[in-house]
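Letter by letter, the sequence shown follows residues 1185 to 1431 of this note's numbering.
The beta carbon of each residue, even a glycine, is placed where N, CA and C say it ideally should be.
As structure tokens, the structure follows; a few thoughts come after it.
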Amino acid sequence: MAAQRIDKLLAAAGCCSRREAAALAKQGAVAVDGAVCRDVSRRIDPERCRLTFRGQRVGYQEHVYLMLHKPLGVLSATEDREQKTVLDLLPRQYRTRGIFPVGRLDKETSGLLLLTDDGALGHALTSPRRRVDKVYHAVTDGVLTQEAVAAFAAGLELRDGTRCRPAVLNIRQIMDGTSDVLVTVQEGKYHQVRRMLAACHAPVLSLERLSEGAVRLDPALEPGQWRELTPQELEALRADAGEAGNG
């Protein structure tokens, strides 16, 4: 494994921020192979060297991959001076790594949100050239018909003239002037699902993302809860990112 800066390793393990690492090292909090190290710019191989912080072994994980059940009223952003963001829902050990949301869910949309510090995978999953399915559950104010299903399949044109890729609208139930539907899209234009349904005269009452690619929201997660992806989920997500759009 390539050598890494000590301050980066400490931040990745959630011990402290990279900025804090220098001061803490000068106080003797950092050691490499049992010897105090006061220079956190030093590079070491974390698989061959024993790095400790305040006497505790520092584990190394190159990247982290999280699944969050995003609640309503929270921004899909890394920071905001006035409003709560999805990073505020995570422990410090993840926030100090430079983790970010993969794509966005607007403030009033809940459901699956992936977070990682793996920039390459994040970019692949959100690239316009990729065709990764994203499935949403929506309840609309208005009755949707087979005409709307056909419009989605053909590539709906939004009210501002934006043309969407073909998408799937599955009408599950019509009741009391509302529609319970599933929407599958392969792109992420601004407020796209809401705008698509509004274009069919059925504004959204509630919207939740159920899945992205092969990864589905864990039903055991309550809004605001999170967990790391399983190895199987991560493997499937990487396959989606690498293979989507190649056909």
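1) Determine the contact status of residue 1433 and residue 1295, defining contact as a CB-CB distance below 8 Å.
2) Compare the beta carbon distance of residue 1216 and residue 1322 with 8 Å and say whether it is the shorter of the two.
3) Quick check on the burial criterion: 16 or more other C-beta atoms within 10 angstroms. Buried or exposed for residue 1285?
4) When we look at the beta-carbon of residue 1386 and count the other beta-carbons within 10 Å, is it buried (16 or more) or exposed?
5) How far does the alpha helix (DSSP H) with residue 1247 in it reach, from first residue to last?
6) Can you give the Cα-Cα distance for residue 1319 and residue 1288, rounded to whole angstroms?
7) Alpha carbon to alpha carbon, what distance is there between residue 1312 and residue 1339?
8) Along the beta strand (DSSP E) that carries residue 1479, what are the first and last residues, could you check?
9) Sort out for me which residues DSSP pairs residue 1411 with in a bridge.
10) Am I right that residue 1213 and residue 1191 are in contact with their C-beta atoms under 8 Å? What's the rounded C-beta distance?
11) Using a 10 Å radius around the Cβ and a threshold of 16 neighbouring Cβ atoms, would you call residue 1304 buried or exposed?
12) Give me, in chain order, the residues of the same chain whose beta-carbon lies closer than 6 Å to that of residue 1277; leave out the 5 immediate sequence neighbours on both sides.
13) For the alpha helix (DSSP H) that residue 1377 lies in, which residues bound it at each end?
14) Does the structure place the region 1370-1385 close enough to the region 1345-1362 that three or more beta carbon pairs sit under 8 Å?
15) According to DSSP, is residue 1210 part of a helix, a strand, or is it coil?
16) Using the Cβ count rule (16 or more neighbours within 10 Å means buried), how would you classify residue 1227?
17) Do you know how far the Cα of residue 1207 is from the Cα of residue 1201?
18) In three-state terms, what does DSSP make of residue 1304?
19) What are the boundary residues of the beta strand (DSSP E) that residue 1322 is part of?
20) Work out the CA separation of residue 1368 and residue 1351 for me, nearest whole Å.
Taking the geometry as given:
1) The structure shown has nothing for residue 1433, since the chain only spans 1185 to 1431.
2) Stepping through the sequence shown from its first residue, residue 1216 is reached at position 32. Stepping through the sequence shown from its first residue, residue 1322 is reached at position 138. It is not a contact, given that the beta carbons lie outside the stated cut-off.
3) Stepping through the sequence shown from its first residue, residue 1285 is reached at position 101. Burial call: buried.
4) Translated into positions along the sequence shown, residue 1386 becomes position 202. When all chains shown are included, residue 1386 counts as buried.
5) Locating residue 1247 in the sequence shown gives position 63, counting from the first residue. Neither: residue 1247 is in no alpha helix (DSSP H) and is coded neither H nor E.
6) In the sequence shown, the residue the question calls residue 1319 occupies position 135. In the sequence shown, the residue the question calls residue 1288 occupies position 104. Distance between the alpha carbons of residue 1319 and residue 1288 is about 14 Å.
7) Position 155 of the sequence shown, counted from the start, is the residue given in the question as residue 1339. Position 128 of the sequence shown, counted from the start, is the residue given in the question as residue 1312. Straight through space, the alpha carbons of residue 1312 and residue 1339 are spaced by roughly 15 Å.
8) Since the first residue shown for the chain is 1185 and the last is 1431, residue 1479 is missing from the structure and cannot be characterised.
9) One-based indexing of the sequence shown puts residue 1411 at position 227. The partner list for residue 1411 (beta bridge, DSSP) reads 1251.
10) Taking the sequence shown and counting its residues from 1, one reaches residue 1213 at position 29. Taking the sequence shown and counting its residues from 1, one reaches residue 1191 at position 7. Incorrect: roughly 12 Å between the Cβ atoms, too far for contact.
11) Taking the first residue of the sequence shown as position 1, residue 1304 is located at position 120. Result: exposed.
12) As a position in the sequence shown, residue 1277 is number 93, starting the count at 1. Excluding positions up to five away in sequence, the list reads 1198.
13) As a first step, residue 1377 is located in the sequence shown; it is residue number 193 there, counting from the start. Looking at the DSSP string, the run of the alpha helix (DSSP H) that includes residue 1377 is 1376-1383.
14) yes
15) Taking the first residue of the sequence shown as position 1, residue 1210 is located at position 26. Note: residue 1210 maps to helix in three-state DSSP.
16) Counting from 1 along the sequence shown, the entry for residue 1227 is found at position 43. Exposed, since its Cβ has fewer than 16 Cβ neighbours within 10 Å.
17) Residue mapping note: residue 1201 aligns to position 17 of the sequence shown, counting from 1. Residue mapping note: residue 1207 aligns to position 23 of the sequence shown, counting from 1. Each residue's Cα considered, the two are about 11 Å apart.
18) As a first step, residue 1304 is located in the sequence shown; it is residue number 120 there, counting from the start. Helix at residue 1304.
19) Residue 1322 sits at position 138 when you count from the first residue of the sequence shown. Counting along the chain, the beta strand (DSSP E) containing residue 1322 begins and ends at 1318-1325.
20) Working through the sequence shown from its first residue, we reach residue 1351 at position 167. Working through the sequence shown from its first residue, we reach residue 1368 at position 184. When rounded, the distance between both Cα atoms is 6 Å.
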